[in-house]
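Q: Just passing along the structure, written as structure tokens.
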Amino acid sequence: MAQIYESAVSVQSHNKNMTDLPRLAAQLIKAGHPLELMDEDAAHVPLIWVSAVLHELVKILGDQRVFVLSVLGIQSSGKSTMLNAMFGLQFAVSAGRCTRGAFMQLWRAKFEKKITELLDDLVKNMKRNLSELLQLQNTRENFDRKARQKEYNEKLFNLSKELAQELKGKNTD
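Its first residue numbered 1, the sequence shown is counted upward by one per residue in UniProt numbering.
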């Protein structure tokens, strides 16, 4: 649909059927169907189409608060399974299944407070984990610095010992 719509717009077609496509897609989104944001084969984002559909969706939904959750991860890492478990969704899951492209789906949250709490906890955990990782990095850097300092001190000590022995040998001659 996106390619058809963008083609019609590019030739400035005023065909009623073409101009109704974004509204129809917005109605499908409202009914729970996903919208393909990025073409899975061409890795192309039809911006004119997506913008038109989202504008129509705003007209249909009105001024409602929208929360956007993006999930990224490597193939078969359980992204759909996690979303299904967390929010009671029904994304298709199976071994070896791979969703290609990028999609959006509208979902009405009936428990906004719970989602907010979950997300707050998620952000807090991510911050704590980041803080712990930074502390580990600092600890590693401190360890590396101390190891280099120890190595430097040993070299300096050995050089000074050699110098002292040479000077001692020259003084006895």
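Glycine is no exception: its CB is placed at the ideal position from the N, C-alpha and C atoms.
Among L156, G32 and V93, which has the Cα closest to the Cα of S77?
A: Position 77 of the sequence shown, counted from the first residue, corresponds to residue 77. Measuring from the Cα of S77, the nearest candidate turns out to be V93.
Q: For W49, count the other beta carbons within 10 Å of its own beta carbon; 16 or more makes it buried, fewer makes it exposed. Which is it?
A: Here residue 49 refers to the residue found at position 49 of the sequence shown. Burial call: buried.
Q: In whole angstroms, what separates the C-alpha of Q27 from that of S80?
A: Stepping through the sequence shown from its first residue, residue 27 is reached at position 27. Stepping through the sequence shown from its first residue, residue 80 is reached at position 80. Answer to the nearest angstrom: the Cα atoms are 24 Å apart.
Q: Do N15 and A25 come within 8 Å of each other at the CB atom, strictly closer than that value?
A: Walking along the sequence shown from the start, residue 25 turns up at place 25. Walking along the sequence shown from the start, residue 15 turns up at place 15. Cβ atoms of A25 and N15: not closer than 8 Å.
Q: Would A2 be called buried (16 or more neighbouring beta carbons within 10 Å of its own) or exposed?
A: In the sequence shown, the residue the question calls residue 2 occupies position 2. Buried, by the Cβ-count rule.
Q: Can you tell me whether F67 is helix, strand or coil according to DSSP?
A: Reading the sequence shown from its first residue, position 67 is the one you call residue 67. Correct three-state label for F67: coil.
Q: From S131 to A102, what does the alpha carbon distance come to, in whole angstroms?
A: What you label residue 131 is simply residue 131 of the sequence shown in a count that begins at 1. What you label residue 102 is simply residue 102 of the sequence shown in a count that begins at 1. Answer to the nearest angstrom: the Cα atoms are 31 Å apart.
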